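S.K.: Here the first sequence is numbered in my numbering, starting from 14 and rising by one per residue.
Starting off with a structure, shown below.
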Amino acid sequence: MPELPEVETTVRGVAPHVSGQLVVGLEVRNPSLRWPVPDDLADVIVGQAIRAVSRRAKYLLFAFDAGHMLVHLGMSGSLRMVEPSTPLKTHDHLVFSLSNGMQMRYHDPRRFGCVLWTFAAVDEHDLIAHLGPEPLSDDFDAAYLYKLSRGRKLASKLFVMDSKVVVGVGNIYANEALFAAEINPNKPAGKLTKPACERVVAEIKTVLAAAIKQGGTTLRDFVNSDGQPGYFKQTLAVYGRGGQPCVSCGEVLKEIRLGQRSTVFCRHCQR
DNA sequence: CAGCGCCCCTGCCCGC
DNA sequence: TGCGGGCAGGGGCGCT
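Now the structure itself:
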């Protein structure tokens, strides 16, 4: 289940192998993703060069001269670079053949992800245009979060998971960041004090940066790997630990549902 | 507009 | 051993 650090690691992993390469073939083995893969994607990109690969939120952006291919990994998706002789796996839905002889394969068992194309400026795409700031950018700071949260009754955890507020904070890291910031996930966003906003912002940046750094350590294995680098190696203080003792105070961690998502916190440490 | 719940889908785990 | 049911989750979307 890729969160932003896994997507960032994927960008860094595939970029050296695909940047500057021509797409010499595309096989869409299953177009039924969250939205259908465009019928004419192959017509549009075969013969064209991938100029660069970047990331916005959890979208991977493949830049071509004519437009952009947007790739989202949903929660079970991955991209991996392989030799063409590598046997296909079940749920390898798209196979991009490149002029350097390598293949990039899009794999997604649950098909929550997507592969789309836009001729327009990518910032103007409907899925991109309304997104909040990147969590690791200077635009995401305490003053911003404090101002935006005034008057909001939404639970703090749902607030920081709203992509219009800040992108890339998925369920796992929302749980972890709020624990580190000592904020009760149920607390209405509008009740967050300025110092609380400072802690939330700082901990979101810390937890994501640490995970990205960890992902980087597995980059050397990216080619021919399972395409899901470095994920569960991180120590999680609360996520998946409901009913177990708080690592800080020892009180039993509470598990609730917020927005249909598993939410774990310490009633003693998080207020 | 804010808030909330639904839904897409398969792998995995549990209980019978 | 096999099977059914429940759960997990990113995030867009539609309803209130």
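Just so you know, even glycine gets a beta-carbon here, dropped at the ideal spot from N, CA and C.
Remember, predicted model here, so these are calculated numbers, not experimental data.
1) Taking just the CA atoms, how far does Val84 sit from Leu73?
2) Can you have a look at Lys267 and say buried or exposed, based on whether 16 or more other CB atoms are within 10 angstroms of its CB?
3) Helix, strand or coil: which one does DSSP assign to Pro242?
4) Out of Leu107, Ile141, Lys160, Met174, state which residue places its alpha-carbon closest to the alpha-carbon of Glu211.
5) Going by the CB atoms, is the gap between Leu92 and Thr23 shorter than 7 Å?
6) Over the uninterrupted beta strand (DSSP E) stretch that includes Val95, give me the two end residues.
7) What does the alpha-carbon distance come out to for the pair Gln241 and Leu86?
8) Assign Pro15 to one of two classes, buried (16 or more other C-beta atoms within 10 Å of its C-beta) or exposed (fewer than that).
9) Which residues bound the beta strand (DSSP E) around Lys267?
10) May I ask which residues mark the beginning and end of the alpha helix (DSSP H) holding Asp136?
11) Under the three-state reduction of DSSP, which class applies to Thr206: helix, strand or coil?
12) Quick one: what's got a C-beta closer than 8 Å to Glu264's C-beta in the same chain, skipping five residues either side?
13) Over the uninterrupted beta strand (DSSP E) stretch that includes Thr13, give me the two end residues.
14) Run the CB neighbour count on Pro29, radius 10 Å, all protein chains shown included, and call it buried at 16 or more, exposed below.
15) Tell me where the alpha helix (DSSP H) around His30 begins and ends.
16) Does the beta-carbon of Phe172 have 16 or more other beta-carbons within 10 angstroms, so that it is buried, or is it exposed?
17) If you draw a straight line from the C-alpha of Leu232 to the C-alpha of Asp121, how long is it?
18) Quick one: what's got a C-beta closer than 6 Å to Ala55's C-beta in the same chain, skipping five residues either side?
M.R.: Well, looking at it:
1) 5 Å
2) Lys267 comes out buried.
3) Any reading at Pro242 must be qualified, since the residue scores a pLDDT of 44, below 50, and its modelled position is unreliable; the value itself is stated next. Of the three classes helix, strand and coil, the one that applies to Pro242 here is coil, per DSSP.
4) Lys160
5) yes
6) 91-95
7) Because the pLDDT at Gln241 is just 47, under 50, the model does not fix this residue reliably, and the point stays unresolved.
8) buried
9) 267-271
10) Taken as a continuous stretch (DSSP letters only), Asp136 belongs to no alpha helix (DSSP H), as it is neither H nor E.
11) Secondary structure at Thr206: coil, using DSSP grouped into helix, strand and coil.
12) Pro258, Cys279, Arg280, His281, Cys282
13) In the structure as shown, the chain begins at 14 and stops at 284. Residue 13 is therefore absent and cannot be evaluated.
14) exposed
15) Its alpha helix (DSSP H) spans residues 17-31.
16) buried
17) Because Leu232 carries a pLDDT of 43, less than 50, the predicted location of this residue cannot be relied on, and no value is offered for it.
18) Leu39
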